[in-house]
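Number of protein chains: 2
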Amino acid sequence: MNGRHLVLASCVIAASIAALRAQTPPTGAEAIVGSPSFLAASDFLARDYDRFVRELITLTEIPAPPFKETARAASFLQMLRASGLVDVETDAEGNVMGVRRGANRAMLAVLAHLDTVFPEGTDVHVKRDGTKLRAPGVGDDTRGLALMLTMIRAMEAAHVQTPNDILFVGNVGEEGEGDLRGAKYLLLKGKYKDRITSFISIDGGDQGNITNGALGSKRYRVTFKGPGGHSYGAFGIVNPAFAMGEAIAKFSGLTVPANPKTTFNVGVVQGGTSVNSIPTEVSMDVDMRSESPDALKKLVADFQAVVREAVAHENAARSTKEGKIEADVKLIGDRPSGETPVHSPLVQSATAVVKTFGLTPRYGISSTDSNIPISLGLPAITIGRGPSERSHSLDEWTDVEKTSAVKAAQVALAIILAAAQ
Amino acid sequence: MNGRHLVLASCVIAASIAALRAQTPPTGAEAIVGSPSFLAASDFLARDYDRFVRELITLTEIPAPPFKETARAASFLQMLRASGLVDVETDAEGNVMGVRRGANRAMLAVLAHLDTVFPEGTDVHVKRDGTKLRAPGVGDDTRGLALMLTMIRAMEAAHVQTPNDILFVGNVGEEGEGDLRGAKYLLLKGKYKDRITSFISIDGGDQGNITNGALGSKRYRVTFKGPGGHSYGAFGIVNPAFAMGEAIAKFSGLTVPANPKTTFNVGVVQGGTSVNSIPTEVSMDVDMRSESPDALKKLVADFQAVVREAVAHENAARSTKEGKIEADVKLIGDRPSGETPVHSPLVQSATAVVKTFGLTPRYGISSTDSNIPISLGLPAITIGRGPSERSHSLDEWTDVEKTSAVKAAQVALAIILAAAQ
Numbered sequence: 013m014n015g016r017h018l019v020l021a022s023c024v025i026a027a028s029i030a031a032l033r034a035q036t037p038p039t040g041a042e043a044i045v046g047s048p049s050f051l052a053a054s055d056f057l058a059r060d061y062d063r064f065v066r067e068l069i070t071l072t073e074i075p076a077p078p079f080k081e082t083a084r085a086a087s088f089l090q091m092l093r094a095s096g097l098v099d100v101e102t103d104a105e106g107n108v109m110g111v112r113r114g115a116n117r118a119m120l121a122v123l124a125h126l127d128t129v130f131p132e133g134t135d136v137h138v139k140r141d142g143t144k145l146r147a148p149g150v151g152d153d154t155r156g157l158a159l160m161l162t163m164i165r166a167m168e169a170a171h172v173q174t175p176n177d178i179l180f181v182g183n184v185g186e187e188g189e190g191d192l193r194g195a196k197y198l199l200l201k202g203k204y205k206d207r208i209t210s211f212i213s214i215d216g217g218d219q220g221n222i223t224n225g226a227l228g229s230k231r232y233r234v235t236f237k238g239p240g241g242h243s244y245g246a247f248g249i250v251n252p253a254f255a256m257g258e259a260i261a262k263f264s265g266l267t268v269p270a271n272p273k274t275t276f277n278v279g280v281v282q283g284g285t286s287v288n289s290i291p292t293e294v295s296m297d298v299d300m301r302s303e304s305p306d307a308l309k310k311l312v313a314d315f316q317a318v319v320r321e322a323v324a325h326e327n328a329a330r331s332t333k334e335g336k337i338e339a340d341v342k343l344i345g346d347r348p349s350g351e352t353p354v355h356s357p358l359v360q361s362a363t364a365v366v367k368t369f370g371l372t373p374r375y376g377i378s379s380t381d382s383n384i385p386i387s388l389g390l391p392a393i394t395i396g397r398g399p400s401e402r403s404h405s406l407d408e409w410t411d412v413e414k415t416s417a418v419k420a421a422q423v424a425l426a427i428i429l430a431a432a433q
Numbered sequence: 013m014n015g016r017h018l019v020l021a022s023c024v025i026a027a028s029i030a031a032l033r034a035q036t037p038p039t040g041a042e043a044i045v046g047s048p049s050f051l052a053a054s055d056f057l058a059r060d061y062d063r064f065v066r067e068l069i070t071l072t073e074i075p076a077p078p079f080k081e082t083a084r085a086a087s088f089l090q091m092l093r094a095s096g097l098v099d100v101e102t103d104a105e106g107n108v109m110g111v112r113r114g115a116n117r118a119m120l121a122v123l124a125h126l127d128t129v130f131p132e133g134t135d136v137h138v139k140r141d142g143t144k145l146r147a148p149g150v151g152d153d154t155r156g157l158a159l160m161l162t163m164i165r166a167m168e169a170a171h172v173q174t175p176n177d178i179l180f181v182g183n184v185g186e187e188g189e190g191d192l193r194g195a196k197y198l199l200l201k202g203k204y205k206d207r208i209t210s211f212i213s214i215d216g217g218d219q220g221n222i223t224n225g226a227l228g229s230k231r232y233r234v235t236f237k238g239p240g241g242h243s244y245g246a247f248g249i250v251n252p253a254f255a256m257g258e259a260i261a262k263f264s265g266l267t268v269p270a271n272p273k274t275t276f277n278v279g280v281v282q283g284g285t286s287v288n289s290i291p292t293e294v295s296m297d298v299d300m301r302s303e304s305p306d307a308l309k310k311l312v313a314d315f316q317a318v319v320r321e322a323v324a325h326e327n328a329a330r331s332t333k334e335g336k337i338e339a340d341v342k343l344i345g346d347r348p349s350g351e352t353p354v355h356s357p358l359v360q361s362a363t364a365v366v367k368t369f370g371l372t373p374r375y376g377i378s379s380t381d382s383n384i385p386i387s388l389g390l391p392a393i394t395i396g397r398g399p400s401e402r403s404h405s406l407d408e409w410t411d412v413e414k415t416s417a418v419k420a421a422q423v424a425l426a427i428i429l430a431a432a433q
């Protein structure tokens, strides 16, 4: 998910209304946090800190590009098994999961995603820099995986009992073209699809953040096609790279509202066969998001107009005697928007926990695996894994300073226990 | 090389002057073409036509991307050996070659290039369409290779004797980033570097064309680098894909002279890791050529200005708090210009042969393996392999109608025999 968290005026207002409604915290957060078993689990988290850091490094250094999570999944499966879960297995989509039994049949799903955005060949060696660990993917979302493992061990060590079953999942396909395939499979096809009643994704930043809004996004691959030819002999005919350049230049000049936050990106470009050939096709992958469905719709329309104009411009600027430039605009990602209301029991119980730890709850909206349950009407939130910055860049880092890292784990554990009531 | 051939006013004038100087053809073209051994060789070429077409198809269907010519080279080596050459071998660069002995130690090198512009995975299956064969690379320059084989067999069958040795070479690295590495190795490092006195590349179109000018080109890979980040979380920072798009859009709008012919191309674009990441780097491969060194110099300067402006534009348009966009402009190809004068014995002997066959000689300028010997002061020309069109595109074709194909082979053989005097 994104490295930033947004405080939305509308959510803050909603939170205030909800706070009025919820004069009596409905979740027993204080009771949970004050219980002997939670205190024992908290102590364990502090003792388990070194192992948490070790596993975070181990997992980070196993590459997990989109659609290539297998190696990391295999290691994570062993770690889940060692943590004491039952029914540990890999589903048909590649998600690795195991169950911690409660008293009831209702099930809370807790996810952290296995995949990173980084392609094969990326140097994923972890570099230490004081209390910071630096490596691609170390925060997003490998820290979520390592946090999940230490929490499970803490629950085991402290013999924590929960009313509901908890399904812990290291899932595939959260990033990019994965298009939430792991979460989709889990909730639409997997063996627990009819048992999961609530959903927590560990894929955010600081522990005060409660992401209850699903940020809608549209992703396209635009392929510009033309006749191609010799760079010298056929010079003067239309060139799809020129059309794409024109489209990118126009696209980059679009204005979007800062509020509701609306964004666009050209993330991948590729195409052409050799420096001395006019390409027959080139493509670009485009990501557009907005907190507002209307703003997103307008942005998508502007983007499509830009592509049409660029194609027309190139076909007018050069010869089409061998053929015209055409653009194939293919939808490659479509994440629904929506929200789990602030006054819902899941958000309220997380809010109460956060307050119990003396933190200020901040509601937000993002694009994570929670988009899928939210679109299905299931209560879902995304919670913090601890501080990390520069997600999706090669200089990504996460801070594992011990006191704050242990506290982050305690808060996350308490949120999960409160949600499993 | 390019599929078009240029008639240059200056060359035509030079040719007229040369024609005055050469009232008596210096090459004995008519004597060669009228000799019994040439007539026997000509008859053989007609009888060998089916094998020529069969080998053209066989070779075309062995992929030979730049730097990956090995498989085709291995087959071609067997074919050279079967044709009756001696000292058939592969040199350290990957060129496949063999010698046909003459009486003297002076050596004519005759080349056709093994490589195509097409990457691995391209469908190179040959489709027949009347007398046309359609496949990527079938003309440029696989027909040159097949033509070389049938000519060698014809010389053997007719017991043709030449004064000089002839070195036949299926060379690597003519296309794109190969940057003429095969010809460079042959002339600068290979075992025959001090023996080669003249040079013919079979890499042109129709048989009247005599390419005696070396077209200068400059090729660059421009890598746009930036901090990168999450497409949503880090939105607002500079994006190297946007800078590149702006550069391509401006570059495509440059005006270049039609005469002297001057061209530019963006042939390959690549970069970025995922749709939802702002790239840390993207790159484009650019090819620029001109018949005029001055026009090329101006175009290169304009191109470099465009890159600088696009980088500055992006750094001004978005936040540079995480870092700026920078462009690394790397020279990846530099083909020298120059010419073998029309009045030189090599061009004059080829001219006389072409006229003997009733064709009109047309001098031209192009970018081929001949650029290297020309830059070294060695006489060199590029001659036709027979008609083909749409070079460097997926719908490339060559016409193998029997009468014209046999005549094309006869003309090429006579040019070679005249040059080996």
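Which chain is which? The protein sequence lines are A and B, in order.
With my numbering applied, the first sequence corresponds to residues 13 to 433, in that order.
With my numbering applied, the second sequence corresponds to residues 13 to 433, in that order.
Note that the Cβ used here is the ideal one computed from N, Cα and C, for glycine as well.
Where B:Leu-51 and B:Val-45 are concerned, what is the direct C-alpha to C-alpha distance, given to the nearest angstrom?
Mapped onto the second sequence, residue 51 of chain B falls at position 39. Mapped onto the second sequence, residue 45 of chain B falls at position 33. Each residue's Cα considered, the two are about 7 Å apart.
If you measure between the beta carbons of B:Gly-110 and B:Glu-81, is that distance less than 8 Å?
By one-based count along the second sequence, residue 110 of chain B stands at place 98. By one-based count along the second sequence, residue 81 of chain B stands at place 69. Contact: no.
Would you say A:Thr-410 and A:Pro-399 are within 8 Å of each other, going by their C-beta atoms?
The residue you call residue 410 of chain A lines up with position 398 of the first sequence. The residue you call residue 399 of chain A lines up with position 387 of the first sequence. Cβ distance < 8 Å, so A:Thr-410 and A:Pro-399 count as in contact.
Straight-line CA distance for A:Val-100 to B:Glu-334?
The count along the first sequence starts at 1 and reaches residue 100 of chain A at position 88. The count along the second sequence starts at 1 and reaches residue 334 of chain B at position 322. Between A:Val-100 and B:Glu-334, the C-alpha separation is close to 42 Å.
Mapping the DSSP letters down to three states, classify A:Ala-166 as helix, strand or coil.
The residue labelled residue 166 of chain A in the question sits at position 154 within the first sequence. If DSSP states are grouped into helix, strand and coil, A:Ala-166 belongs with the helices.
What residues from chain A crowd round B:Arg-113, counting only those whose CB sits closer than 7 Å?
The residue you call residue 113 of chain B lines up with position 101 of the second sequence. Neighbours of B:Arg-113 on chain A: none; closest Cβ ~36 Å, over 7 Å.
According to DSSP, is B:Thr-70 part of a helix, a strand, or is it coil?
Position 58 of the second sequence, counting from 1, holds the residue named residue 70 of chain B. B:Thr-70 falls in the helix class under three-state DSSP.
Contact check, B:Arg-231 vs B:Val-298 under 8 Å by CB: the rounded distance?
Here the question's residue 231 of chain B lines up with position 219 in the second sequence. Here the question's residue 298 of chain B lines up with position 286 in the second sequence. Confirmed, Cβ separation roughly 7 Å.
For the alpha helix (DSSP H) containing B:Phe-263, name the first residue and the last one.
Mapped onto the second sequence, residue 263 of chain B falls at position 251. 252-264 is the span of the alpha helix (DSSP H), which, as asked, contains B:Phe-263.
Under 8 Å, CB to CB, which of the residues in the segment 291-309 of chain B have a partner in chain A?
Answer set for the segment 291-309 of chain B: Pro-291, Thr-292, Val-294, Met-296, Asp-297, Val-298, Asp-299 and Arg-301.
What number of angstroms, rounded off, separates the C-alpha of A:Tyr-204 from the C-alpha of A:Leu-390?
Residue mapping note: residue 204 of chain A aligns to position 192 of the first sequence, counting from 1. Residue mapping note: residue 390 of chain A aligns to position 378 of the first sequence, counting from 1. Taking the straight line joining both Cα atoms gives about 14 Å.
Can you list, in chain order, the stretches of the alpha helix (DSSP H) that have 4 or more residues and sit fully within the segment 157-224 of chain B?
If we require 4 residues or more, the alpha helix (DSSP H) runs fully inside the segment 157-224 of chain B come out as 193-200.
Go through its chain and collect everything with a Cβ distance to B:Gln-35's Cβ below 6 Å, but skip five positions before and after it.
In the second sequence, counting from the first residue as 1, residue 35 of chain B sits at position 23. Legend: pLDDT at B:Gln-35 = 41, less than 50; position of this residue unreliable, value from coordinates given subsequently. Within the same chain, B:Gln-35 has no close Cβ partners at all.
Can you round the beta-carbon distance between A:Val-136 and A:Glu-73 to whole angstroms, since I take them to be within the 8 Å contact cut?
Position 124 of the first sequence, counted from the start, is the residue given in the question as residue 136 of chain A. Position 61 of the first sequence, counted from the start, is the residue given in the question as residue 73 of chain A. Confirmed, about 5 Å.
In angstroms with no decimal places, state the Cα-to-Cα distance between A:His-171 and A:Arg-165.
For the purposes of this step, residue 171 of chain A is taken as the residue at position 159 of the first sequence. For the purposes of this step, residue 165 of chain A is taken as the residue at position 153 of the first sequence. The straight-line gap from Cα to Cα measures roughly 10 Å.
What does the Cβ neighbour count give for A:Thr-39, buried or exposed, with the cut at 16 atoms within 10 Å?
Locating residue 39 of chain A in the first sequence gives position 27, where the first residue counts as 1. With a pLDDT of only 48 at A:Thr-39, under the threshold of 50, the placement of this residue in the model should not be trusted, and no figure is reported.
Of the choices B:Val-359, B:Ala-85, B:Pro-357 and B:Phe-56, whose alpha-carbon is the least far from that of B:Met-167?
Locating residue 167 of chain B in the second sequence gives position 155, counting from the first residue. Nearest option by C-alpha distance: B:Phe-56.
A:Pro-75 and A:Ala-432: beta carbons closer than 8 Å?
Residue mapping note: residue 75 of chain A aligns to position 63 of the first sequence, counting from 1. Residue mapping note: residue 432 of chain A aligns to position 420 of the first sequence, counting from 1. No, they are not a contact pair.
Strictly under 8 Å for the Cβ-Cβ distance: is A:Ala-11 near chain B by that measure?
This structure gives no information on residue 11 of chain A, because the portion of chain A shown stretches from 13 to 433.
Would you give the residue range spanned by the alpha helix (DSSP H) that A:Arg-301 belongs to?
The residue labelled residue 301 of chain A in the question sits at position 289 within the first sequence. That residue, A:Arg-301, is in no alpha helix (DSSP H); its beta strand (DSSP E) goes 293-302.
Give me, in chain order, the residues of the same chain whose beta-carbon lies closer than 6 Å to that of B:Phe-369; leave out the 5 immediate sequence neighbours on both sides.
As a first step, residue 369 of chain B must be located in the second sequence, where it is residue number 357. Closer than 6 Å at the Cβ level, and outside the excluded window around B:Phe-369, lie Val-423.
Can you list the residues of chain A that B:Ser-497 reaches, using a CB-CB cut of under 7 Å?
Chain B is shown from 13 up to 433; residue 497 of chain B falls before or after that span and cannot be answered.
On a CA-only basis, which of B:Arg-402, B:His-325 and B:Gly-202 is nearest A:Tyr-244? Give me that one, please.
As a first step, residue 244 of chain A is located in the first sequence; it is residue number 232 there, counting from the start. Nearest C-alpha to A:Tyr-244: B:Arg-402.
Over the uninterrupted beta strand (DSSP E) stretch that includes B:Asp-99, give me the two end residues.
To locate residue 99 of chain B, count along the second sequence from 1; it is residue 87. Unbroken beta strand (DSSP E) run through B:Asp-99: 98-102.
Does the Cβ-Cβ distance between A:Thr-363 and A:Ser-378 come in under 8 Å?
Along the first sequence, read from residue 1 onward, the residue named residue 363 of chain A stands at position 351. Along the first sequence, read from residue 1 onward, the residue named residue 378 of chain A stands at position 366. Their beta carbons are not under 8 Å apart, which means A:Thr-363 does not touch A:Ser-378 by this criterion.
Between which two residues does the alpha helix (DSSP H) carrying A:Arg-84 extend?
In the first sequence, the residue the question calls residue 84 of chain A occupies position 72. Segment 82-95, the alpha helix (DSSP H) holding A:Arg-84.
Less than 8 Å between the C-beta atoms of B:Ile-212 and B:Val-122, yes or no?
Within the second sequence, residue 212 of chain B is the residue found at index 200, counting from 1. Within the second sequence, residue 122 of chain B is the residue found at index 110, counting from 1. Contact flag set, yes.
Helix, strand or coil: how does DSSP classify B:Gln-433 here?
Translated into the one-based positions of the second sequence, residue 433 of chain B becomes position 421. Three-state DSSP puts B:Gln-433 in coil, outside helix and strand.
Taking 8 Å as the threshold (C-beta atoms), are B:Met-296 and B:Phe-315 in contact?
Along the second sequence, one-based indexing puts residue 315 of chain B at 303. Along the second sequence, one-based indexing puts residue 296 of chain B at 284. Going by C-beta atoms, B:Phe-315 is not nearer than 8 Å to B:Met-296.
If contacts are defined as beta-carbon pairs under 8 Å, then B:Glu-187 and B:Pro-78 qualify, I think. What distance do you get, rounded to the angstrom?
As a position in the second sequence, residue 187 of chain B is number 175, starting the count at 1. As a position in the second sequence, residue 78 of chain B is number 66, starting the count at 1. Correct: roughly 6 Å between the Cβ atoms.
Does the beta carbon of B:Gln-282 come closer than 8 Å to any beta carbon on chain A?
Stepping through the second sequence from its first residue, residue 282 of chain B is reached at position 270. Cβ-Cβ to chain A under 8 Å: yes for B:Gln-282.
List the whole-angstrom C-beta distance separating A:Asp-215 from A:Thr-380, where the pair is believed to meet the contact cut-off of C-beta under 8 Å.
Residue numbering aside, residue 215 of chain A sits at position 203 when the first sequence is read from its first letter. Residue numbering aside, residue 380 of chain A sits at position 368 when the first sequence is read from its first letter. Indeed, because the Cβ distance is near 5 Å, the residues count as touching under 8 Å.
Are the Cβ atoms of B:Ala-124 and B:Gly-156 separated by less than 8 Å?
The residue labelled residue 124 of chain B in the question sits at position 112 within the second sequence. The residue labelled residue 156 of chain B in the question sits at position 144 within the second sequence. It is a contact, given that the beta carbons lie within the stated cut-off.
Do you know whose CA, among B:Thr-154, B:Gly-284 and B:Leu-406, lies nearest A:Thr-285's CA?
Here residue 285 of chain A refers to the residue found at position 273 when the first sequence is read from its first residue. Checking every option, the nearest Cα to that of A:Thr-285 belongs to B:Leu-406.
What does B:His-404 reach in chain A if we use C-beta pairs closer than 9 Å?
Numbered from 1 along the second sequence, position 392 holds the residue referred to as residue 404 of chain B. In chain order: Gly-240, Gly-241, His-242, Ser-243, Gly-245, Ala-246, Thr-285, Ser-286, Asn-288, Ser-289 and Ile-290.
So, is the C-beta of B:Ala-195 closer than 8 Å to a C-beta in chain A?
The residue given as residue 195 of chain B occupies position 183 in the second sequence. Chain A contact via Cβ: absent.
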